[in-house]
Each structure stands twice: as C-alpha cells, then as structure tokens.
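**Q**
In the numbering used here, the protein residues as written are 15 to 327.
(1) Where residue 52 and residue 102 are concerned, what is the direct C-alpha to C-alpha distance, given to the nearest angstrom?
(2) Look at residue 263 and residue 163 and say whether their C-beta atoms are less than 9 Å apart.
(3) State yes or no: is the C-beta of residue 225 within less than 9 Å of the C-beta of residue 304?
(4) In whole angstroms, give me the CA-to-CA distance for residue 94 and residue 298.
(5) Examine the Cβ distances between the segment 237–247 and the segment 132–150 and report whether three or more of them are shorter than 8 Å.
(6) On a CA-only basis, which of 106, 189, 258, 119 is nearest residue 19? Give me that one, please.
(7) Return helix, strand or coil for residue 181, following the three-state DSSP convention.
(8) Residues in the same chain with beta-carbon distance under 7 Å from residue 261, minus the five sequence neighbours each way, listed in chain order, please.
(9) How would you call residue 157, buried or exposed, if buried means at least 16 neighbouring beta carbons within 10 angstroms?
(10) Hey, is the segment 163–180 in contact with the segment 265–278, meaning 3+ C-beta pairs nearer than 8 Å?
(11) Pick from 21, 80, 22: whose alpha carbon is nearest that of residue 34?
(12) Could you pull out every unbroken alpha helix (DSSP H) segment of at least 4 residues lying fully inside the segment 137–182, listed in chain order?
(13) DSSP on residue 58, reduced to helix/strand/coil?
(14) Going by Cα to Cα distance, which pick from 85, 126, 118 is closest to residue 317?
(15) Kindly list the residues whose CB is nearer than 6 Å to the CB of residue 123, restricted to its own chain and excluding five residues on each side of it in sequence; keep chain order.
(16) Could you spell out where the alpha helix (DSSP H) holding residue 101 opens and where it closes?
(17) Can you tell me the Cα-Cα spacing of residue 206 and residue 64, whole angstroms?
(18) How about residue 206: is its Cβ closer than 8 Å to a heavy atom in the ligand FMN?
(19) Once DSSP output is grouped into helix, strand and coil, what is the label at residue 121?
Structure, rendered in structure tokens:
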C-alpha cells in the first residue's frame, strides 16, 4: 500500500488551510528504505540544493504523511529537504514477517537512517517529532550524536508516574494496565496487540471533532494496534544520555496552547534538567496536539524555520 491509495490523510488535509493542501505540482514523493528486513516508507520532499535536511518523526497516533502535510511540505517551500519516516507498524511501512517491534527499534531505525543520509552527503540534519516523536528526537539525538538540533511537540519521560497518569487513557491503565504489560511480556504475550487508543488518551489527539473522526478509523495512525513488547519498551526506555548529561544540540519545544493530551507542564520538568544546551519554548496559539488550526500552524512553521537557520548557521 502507498499513500496514493489511502483516503484518510486526504480527508484530514481538507480541514487544513488551503495553502497546506498538496497539489499535482506540490506533493511528497514516496520512497522505501530497507532496515533489517522492514520495508520502511519515506515521505520525501527531496532537494539536492537544500542546505539542510529535516527528518520528521510521528508519534503513536500519527504517521509520516500527516507530518508531511503540516510541516514537511511547508518547510520544503523554504528550501529545506524533508523526509518523514513511517516507523514499523505505522503508516505504510511493511513490517518484516514475524517481527515484534519495540520502541527501541524506532530509536535505532532513526539513528541508522541519519547515518545513511550522512553517508550520502554531509549536509546538516535537524529532527522534528510530534507527540511521542518529540521525545524520540531526544532519544535518537542522544544515541546518534550527529544532529544539529531537535524540535519536539512534547518531551515526555514516560518513566515518570505523573506523565503516565496524565497521558494514559485513565488512572487504571496508568497504575494497573502498564505494569501488567510487563507481566504479559514475561508470560509469553509479547506479541499480543491492543489499540493505542485503549492505552492512551488518543481522544485528545486533535480538538477538531471531524478530524478526530477520521483519526479514529485510520489504522495507519490513531486506530493502530501495537504489541505488549512495544508498550513495555516505550514506557521504560532509558536514553543513552540522561537530561543532565545531554550536550548534543539545541532544543526547541513547539507547545500547542490548547493541547489536551500533553500540556506544557508535562514537558518542562524534563527540559528543566537540560542545562548544557540551549532550550527554547514557543507556544502555538489555538493549537491542538496535532494542530490543524491557525495561527498555530504558521507559528510552528516560522519558529522551526528560525530554529533551523540558527542551529545550522
């Protein structure tokens, strides 16, 4: 399957401002990259003359095409090359037969893809991540150590109980369900799958009710199922560098003002520990967790362009 045959992203696009709509002359190209037997889908705006590459990482309720719509495409108009990755089990990436995907695989894949791009040429790379993809940019940067900057819509340390409590679907899932995931893995149920909407506050992904209806039936994003092994690794992932040690690159948090899933107070405790690099926070007025609103979209774009230019100057 490719995004040319998928209708959900097109329905979401209809709720974006007109200038964010893809056309016959303005749209991503689809590529595939083999990683350990996974046929990884890349949504690309290639530009050999671009001074910077931006790699986009989705979260547990979105996919690469949804990243291309709100940011990858707009950044390409500024002369940047953008690549949105569909992580295994999301988007239209084809998972290796028999593979049980863990969150660690997402981090390793992104790190390896950065190395792959740097082998092609030495242009600087900046990472962007939405939702869980925000913290993933941190995890990837800490492991890879070669990126020039990271931008996240959130920076959530799932090892912290308050973060689990407020981002899980309810307290029962946070206090009982997540610990039971570890038990399930120990008794041989690592491959058992459940909808992410059962584990998380997926209903708060977007404040536009009509967009949320589309997300709720999109099995390549918000309606996706994930394994017990993924949930366990996601909830307890230990970065290569803890916040107090992080010295790789500057960080930008683009925080939607009306984010009902991951409000600012869940990211600041983690970011406050980072003192060895510059950390900046920009509020996106009227924005949902997955922003389809103005002026949030334009504010996000402008803040990221400014950040990219600064960290790669």
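The beta carbon of each residue, even a glycine, is placed where N, CA and C say it ideally should be.
**A** The answer reads as follows:
(1) 7 Å
(2) yes
(3) Between residue 225 and residue 304, the gap from beta carbon to beta carbon is short of 9 Å.
(4) 22 Å
(5) No, because fewer than three Cβ pairs between the segment 237–247 and the segment 132–150 fall closer than 8 Å, the two stretches do not touch.
(6) The shortest CA-to-CA distance from residue 19 to any of 106, 189, 258, 119 is the one to 106.
(7) helix
(8) Taken in chain order, the residues that qualify are 290, 291.
(9) buried
(10) Put simply, the segment 163–180 touches the segment 265–278. At least three CB pairs are less than 8 Å apart.
(11) Nearest option by C-alpha distance: 80.
(12) Positions of the alpha helix (DSSP H) runs, each at least 4 residues long and wholly inside the segment 137–182, are given as 146–158, 175–181 in order along the chain.
(13) Strand at residue 58.
(14) 85
(15) Contacts found: 49.
(16) Premise fails: residue 101 is in no alpha helix (DSSP H) and is neither H nor E.
(17) The alpha-carbon separation between residue 206 and residue 64 amounts to approximately 43 Å.
(18) Of the ligands one can find in the structure shown there are none, so the ligand FMN has no counterpart to examine.
(19) helix
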